[in-house]
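Colleague: Under this note's numbering, the residue at position 459 of the sequence shown is numbered 509, and the numbers go up by one with no gaps.
Heads up, the beta-carbon is just placed ideally off N, CA and C, and yes, glycines get one too.
Just so it is clear, the structure is predicted and the values come from calculations on it, not from any experiment.
Here's a structure for you.
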Amino acid sequence: MASLLCLHVSASRRGEQQRSEEGQMFGFLHFVAMAIKGVMHCRRGHSPGSRQRTMSPPRVLALCFLTAVALGYKQGDNVTVYVNKVGPYHNPQETYHFYTLPVCRPDKVHHKSLSLGEVLDGDRMAESLYHIRFRENVEKKTLCQLTLSEKQVDQLREAIEELYYFEFVLDDIPIWGFVGYIEESGFLPHSHKVGLWTHLDFNIEYNGDSVIFANVSVKEVKPVPLEDGAGAALGGVGVGGGSLTVIHTYSVRWFESPLTHARRAERLRDYSFFPKTLEIHWLSIINSLVLVVLLLGFVIIILMRVLKNDFARYNVEEEAGCDDLDQGDNGWKIIHTDVFRFPPYKSLLCAVLGVGAQFLTLATAPLFLTWSVVNSVHWWSGSTQALPATTVLLLLGAWVSVGFPLTVIGGIVGKNRAGGFQAPCRTRNIPRQIPPQPWYKHAAVHMAIGGFLPFSAISVELYYIFATVWGREHYTLYGILLCVFAILLSVGACISVALTYFLLSGEDYRWWWRSVLSTGSTGLFIFVYSVFYYRNRSSMSGLVQSTEFFGYSLLTALVFSLMLGSVSFWASLAFIRYIYRSLKMD
51 MASLLCLHVS ASRRGEQQRS EEGQMFGFLH FVAMAIKGVM HCRRGHSPGS
101 RQRTMSPPRV LALCFLTAVA LGYKQGDNVT VYVNKVGPYH NPQETYHFYT
151 LPVCRPDKVH HKSLSLGEVL DGDRMAESLY HIRFRENVEK KTLCQLTLSE
201 KQVDQLREAI EELYYFEFVL DDIPIWGFVG YIEESGFLPH SHKVGLWTHL
251 DFNIEYNGDS VIFANVSVKE VKPVPLEDGA GAALGGVGVG GGSLTVIHTY
301 SVRWFESPLT HARRAERLRD YSFFPKTLEI HWLSIINSLV LVVLLLGFVI
351 IILMRVLKND FARYNVEEEA GCDDLDQGDN GWKIIHTDVF RFPPYKSLLC
401 AVLGVGAQFL TLATAPLFLT WSVVNSVHWW SGSTQALPAT TVLLLLGAWV
451 SVGFPLTVIG GIVGKNRAGG FQAPCRTRNI PRQIPPQPWY KHAAVHMAIG
501 GFLPFSAISV ELYYIFATVW GREHYTLYGI LLCVFAILLS VGACISVALT
551 YFLLSGEDYR WWWRSVLSTG STGLFIFVYS VFYYRNRSSM SGLVQSTEFF
601 GYSLLTALVF SLMLGSVSFW ASLAFIRYIY RSLKMD
């Protein structure tokens with residue numbers, strides 16, 4: 051499932067009309083890139099410096115297209131800096147507007163017009179008080195002076211302790227940095243220091259009349275300590291009456307870059323903050339391939355040998371009728387008059403298979419109920435991830451005008467073109483009594499086996515997917531992901547055929563729902579793994595992030611259950627048609 055990862059692109063250029071056209075174009079480009087990517091920083095260290103985050107493929111793609119319509123600056127032209135959002139470093143989906151913190155802000159906030167892709171990504175860009183001129187250096191310029199109440203100091207301290215980071219946007223280039231600084235030292239006595247960064251150094255690279263790269267640093271300054279209570283004595287900062295006065299400043303330094311504007315996406319793409327550990331992907335693929343080879347060998351060699359012996363035994367007397375064979379034979383042959391008997395709740399089975407086939411084709415999870423709950427929690431918490439009402443109505447209108455009519459038309463066409471169910475054996479009116487089955491042929495055992503083996507084929511790769519959607523990593527090996535997905539489907543089909551054969555060998559013809567549930571239970575293993583990842587592999591916390599994580603993890607598990615259940619059913623149906631068509635009977 052993908053989670054929606056639609057990363058923002060702004061068009062901050064001179065000329066309001068040209069900025070609007072660029073913003074609309076990049077909203078569309080990000081929407082396409084989001085669909086290609088599919089589905090929402092695993093570092094705990096407390097660095098005193100602010101750092102640039104790795105650019106994601108959709109944003110790099112959009113910046114590549116931006117080069118064709120770029121406008122040039124003249125020396126002294128204004129370069130707009132937009133403030134965007136803040137949020138906990140370890141909760142990627144929990145973001146708030148930058149101005150929700152007690153920071154420097156204009157008297158009247160002017161928000162930037164955003165595209166649909168930017169809104170879906172939680173962007174809420176607004177103009178800032180930073181005045182930056184093209185190729186003009188600035189040293190220690192005052193941004194504003196703030197008098198913070200004790201409540202506001204506590205708010206900043208809490209944000210810094212949760213590792214809040216901020217995001218600015220300068221000429222379509224995102225800039226990240228930490229709000230403050232934390233230092234833990236000593237055991238006895240223990241030292242816990244919290245500091246606020248009140249000065250930022252903007253380091254901007256240019257080539258000719260274009261901006262190439264930008265980031266912020268705090269290497270040459272010290273943080274303002276935020277001790278418990280606002281009345282503590284702070285060097286260089288005025289304190290009094292339970293309030294705290296701080297002065298925010300900034301500097302701007304321009305550096306010439308050899309890269310042209312057409313290649314500036316390379317500068318953003320090559321900058322890597324997180325370590326790259328891609329070797330484990332190949333180990334995952336090798337592990338999965340070995341598992342697939344073993345399973346295919348089991349199904350093709352062992353199972354086909356057993357079937358060959360069954361065919362030889364069942365076809366000894368070519369002229370014997372089906373009723374005569376029923377008197378002395380046992381195994382899957384004896385239930386040939388019941389194996390194609392429709393199961394109970396066949397309409398529900400058809401719906402499950404239809405939805406599973408649709409998910410298999412689209413690889414999405416558009417379930418409105420879970421999304422509405424998650425969006426409501428974001429709205430209640432004031433997060434920018436909550437979609438505005440106008441955006442919700444826009445998406446609903448797009449679905450009503452496009453998605454819903456196509457679903458109805460597809461259902462009508464499928465019903466009119468579908469033929470009757472053709473079975474190779476006739477079905478009796480009275481169902482045969484099913485003999486007692488051993489414990490290892492019960493549905494729970496089959497679900498455990500059929501769910502665990504496909505899950506084991508993707509378990510290693512699943513970590514990287516979770517780290518991409520719920521962390522700060524960026525997944526780029528989509529070819530490997532496609533291979534793993536094909537392996538998953540192959541393993542599910544092989545396990546389904548094997549379990550179905552064992553079920554029929556016990557003269558149990560209730561394979562319809564069993565085939566769906568056997569490998570469909572992989573979704574349960576995926577959800578259990580998501581709980582394990584949340585508790586042991588991530589630092590996520592809080593109501594907003596937890597609701598987002600478990601809500602969409604539940605949807606992901608459901609999607610995998612429906613997809614693999616559909617694949618399992620069709621594989622079992624094809625296998626059963628094959629073996630009963632190969633029998634010589636009237």
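Cα separation between residue 145 and residue 165?
Modeller: Roughly 18 Å separates the two Cα atoms.
Colleague: Taking Cβ to Cβ, would you say residue 227 is nearer than 8 Å to residue 215?
Modeller: Yes, the Cβ-Cβ distance between residue 227 and residue 215 is below 8 Å.
Colleague: Using 8 Å as the cut-off, can you tell me whether the stretch 487-494 makes contact with the stretch 508-516, which would need three or more C-beta pairs spanning the two stretches below that distance?
Modeller: At 8 Å Cβ cutoff, the stretches do not touch.
Colleague: Using a 10 Å radius around the Cβ and a threshold of 16 neighbouring Cβ atoms, would you call residue 479 buried or exposed?
Modeller: Label assigned to residue 479: exposed.
Colleague: Put residue 241 into one of helix, strand or coil per three-state DSSP.
Modeller: The answer is strand: DSSP assigns residue 241 an E or B state.
Colleague: Assuming residue 437 and residue 169 make a contact with CB atoms under 8 Å, what is their CB distance in whole Å?
Modeller: 7 Å between Cβ atoms; contact.
Colleague: Determine the direct distance from the alpha carbon of residue 407 to that of residue 622, and round the result to whole angstroms.
Modeller: Each residue's Cα considered, the two are about 15 Å apart.
Colleague: Which whole-angstrom value describes the C-beta separation of residue 243 and residue 233, a residue pair presumed to lie in contact below a C-beta threshold of 8 Å?
Modeller: That belief holds up - the Cβ atoms of residue 243 and residue 233 are roughly 4 Å apart, short of 8 Å.
Colleague: Residue 618 and residue 570 - do their beta-carbons sit closer together than 8 Å?
Modeller: Yes, these two residues count as a Cβ contact at 8 Å.
Colleague: Does the Cβ-Cβ distance between residue 219 and residue 132 come in under 8 Å?
Modeller: Yes, Cβ-Cβ distance for residue 219 and residue 132 is below 8 Å.
Colleague: Just how far apart, CA to CA, sit residue 224 and residue 275?
Modeller: Spanning the two alpha carbons is a distance of roughly 28 Å.
Colleague: Do you know how far the Cα of residue 415 is from the Cα of residue 608?
Modeller: Each residue's alpha carbon lies about 8 Å from the other.
Colleague: Per DSSP, which one or two residues make a beta bridge with residue 312?
Modeller: DSSP lists no partner for residue 312.
Colleague: Relative to the alpha-carbon of residue 195, which residue among 521, 248, 149 has its alpha-carbon at the smallest distance?
Modeller: Cα-wise, what sits closest to residue 195 is 248.
Colleague: With three or more C-beta pairs closer than 8 Å as the rule, is the stretch 200-213 touching the stretch 135-153?
Modeller: Short answer: they touch.
Colleague: For residue 503, which of 628, 574, 296 has the nearest alpha-carbon?
Modeller: Considering only alpha carbons, the answer is 574.
Colleague: Kindly list the residues whose CB is nearer than 7 Å to the CB of residue 391, restricted to its own chain and excluding five residues on each side of it in sequence; keep chain order.
Modeller: Closer than 7 Å at the Cβ level, and outside the excluded window around residue 391, lie 477, 481, 559.
Colleague: Within this structure, are the beta carbons of residue 188 and residue 302 separated by less than 8 Å?
Modeller: Taking 8 Å as the Cβ cut-off, residue 188 and residue 302 qualify as a contacting pair.
Colleague: For residue 530 and residue 198, what's the separation of their Cα atoms in angstroms?
Modeller: Roughly 52 Å between the two C-alpha positions.
Colleague: Is the CB-CB distance between residue 193 and residue 311 below 8 Å?
Modeller: Contact flag unset, no.
Colleague: Please list the terminal residues of the continuous alpha helix (DSSP H) segment that includes residue 620.
Modeller: Element bounds for residue 620: 593-631.
Colleague: Looking at C-alpha atoms only, which residue of 184, 403, 155 is the closest neighbour of residue 177?
Modeller: When each option's Cα is compared against that of residue 177, the closest is 155.
Colleague: Measure from the alpha carbon of residue 318 to the alpha carbon of each residue in 499, 447, 262, 610, then state which is nearest.
Modeller: Ranking the options by Cα distance to residue 318, first place goes to 262.
Colleague: Using the Cα positions of residue 566 and residue 404, report the straight-line distance between them to the nearest angstrom.
Modeller: The straight-line gap from Cα to Cα measures roughly 12 Å.
Colleague: When burial is assigned at 16 or more other CB atoms within 10 Å of the CB, is residue 505 buried or exposed?
Modeller: Looking at its Cβ environment, which holds 16 or more other Cβ atoms inside 10 Å, residue 505 is buried.
Colleague: Could you tell me the alpha carbon to alpha carbon distance between residue 343 and residue 357, rounded to whole angstroms?
Modeller: Cα to Cα, residue 343 sits roughly 20 Å from residue 357.
Colleague: Starting from the Cα of residue 184, find the closest Cα among 137, 598, 305, 517 and give me that residue.
Modeller: Minimum Cα distance to residue 184 is reached at 305.
Colleague: Excluding the five sequence neighbours on either side, which residues of its own chain have a C-beta within less than 7 Å of the C-beta of residue 610, listed in chain order?
Modeller: Taken in chain order, the residues that qualify are 572, 573, 576.
Colleague: Report yes if the C-beta distance between residue 389 and residue 545 is below 8 Å; otherwise report no.
Modeller: Result no, Cβ atoms of residue 389 and residue 545 do not sit closer than 8 Å.
Colleague: Buried or exposed: where does residue 355 fall if 16 or more other Cβ atoms within 10 Å of its Cβ makes it buried?
Modeller: Looking at its Cβ environment, which holds fewer than 16 other Cβ atoms inside 10 Å, residue 355 is exposed.
Colleague: Do you know how far the Cα of residue 315 is from the Cα of residue 273?
Modeller: When rounded, the distance between both Cα atoms is 32 Å.
Colleague: In or out: residue 475 buried (at least 16 other Cβ within 10 Å) or exposed?
Modeller: Looking at its Cβ environment, which holds 16 or more other Cβ atoms inside 10 Å, residue 475 is buried.
Colleague: Under a three-way DSSP split, which group does residue 136 fall into?
Modeller: Three-state result, residue 136: strand.
Colleague: Could you check where the beta strand (DSSP E) with residue 206 kicks off and where it finishes?
Modeller: Residue 206 -> not in any beta strand (DSSP E); alpha helix (DSSP H) instead, spanning 200-211.
Colleague: Excluding sequence positions up to five away, which residues of its chain have a Cβ less than 6 Å from the Cβ of residue 271?
Modeller: Counting only Cβ-Cβ distances below 6 Å, and skipping sequence neighbours, we find 249.
Colleague: Can you tell me where the beta strand (DSSP E) with residue 250 in it begins and where it stops?
Modeller: Run containing residue 250: 249-257, per the beta strand (DSSP E) assignment.
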